[in-house]
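Asker:
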Ligand code: ATP
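In this note's numbering, the protein residues as written are 210 to 404.
Right, dumping it as structure tokens:
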């Protein structure tokens, strides 16, 4: 199966673009959502996170998100340890998911496709971009967040130029109609590659 990575900075429009691919019949794996589900479901993750962060990591069998967010905030070492627990399990889950799909290709959406090296397992990569100011406006409208929080996340992500250099396709997500058109063109090209 051809695996196409879909990435982009926070608020660039990955999910919006992913939905357009879904409308064309392409299965999409949203890595962040699946990781969140697995953190509640997987016994191995639960055991290891409790070993790392203590019993408070879960309350009533549910991940204690605020507690964990606090633990890893500004603690790169703990963040790396947490990722080392979660990523292999998500990777296995993704592989099994891929085996079940029937389509010319599948999409894997991840905000940190480059940052965590997952791009190396993709056949093609699409990066979604939008001007920084527009991304900030969209995020302030969508989430209960602050400019400071958005900027802190942006600083931890690769900049667009670095991502674009390593990408096969770039979708500029400003006007939605134009985005949909770019999705269709990109889809056609990928389907051609797979034939
Ligand atoms: P995150 O990095 O937080 O996962 P994302 O890259 O998946 O975000 P989206 O959730 O798709 O981004 O988009 C962010 C917000 O901007 C959403 O509220 C979405 O509806 C809006 N949005 C995205 N693209 C457009 C567009 N072309 N026109 C208008 N609004 C848009």
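All C-beta atoms in this analysis are idealised placements derived from N, C-alpha and C, irrespective of residue type, glycine included.
Computed from a prediction, not measured in an experiment: that's the story for all the values here.
Relative to the ligand ATP, what is the chain-ordered list of residues with a Cβ closer than 6 Å to any of its non-hydrogen atoms?
Answerer: 217, 219, 220, 221, 222, 223, 224, 225, 320, 347, 351, 382, 385 and 388
Asker: Which residues share a DSSP beta bridge with residue 338?
Answerer: 381
Asker: Since I believe residue 261 is in contact with residue 290 (beta carbons under 8 Å), could you give me their beta-carbon distance rounded to a whole number of angstroms?
Answerer: 6 Å
Asker: Determine the burial state of residue 229: buried for a count of at least 16 other Cβ atoms within 10 Å of its Cβ, exposed for fewer.
Answerer: buried
Asker: Where residue 241 and residue 318 are concerned, what is the direct C-alpha to C-alpha distance, given to the nearest angstrom?
Answerer: 8 Å
Asker: Of the residues 388, 303 and 284, which one's Cα is nearest the Cα of residue 335?
Answerer: 388
Asker: Using 8 Å for Cβ pairs, my map puts residue 257 next to residue 294. What's the rounded Cβ distance?
Answerer: Indeed they touch by this definition, with Cβ atoms about 5 Å apart.
Asker: From what residue to what residue does the beta strand (DSSP E) around residue 317 run?
Answerer: From DSSP, the beta strand (DSSP E) with residue 317 extends over 314-318.
Asker: What's the gap between the Cα of residue 415 and the Cα of residue 277?
Answerer: Since the first residue shown for the chain is 210 and the last is 404, residue 415 is missing from the structure and cannot be characterised.
Asker: For residue 216, which beta-bridge partners are listed by DSSP?
Answerer: In the DSSP assignment, the residues bridged to residue 216 are 336.
Asker: Taking residue 322 as the reference, which of 403, 369 and 398 has the closest Cα?
Answerer: 369
Asker: In this structure, does DSSP put residue 288 in helix, strand or coil?
Answerer: helix
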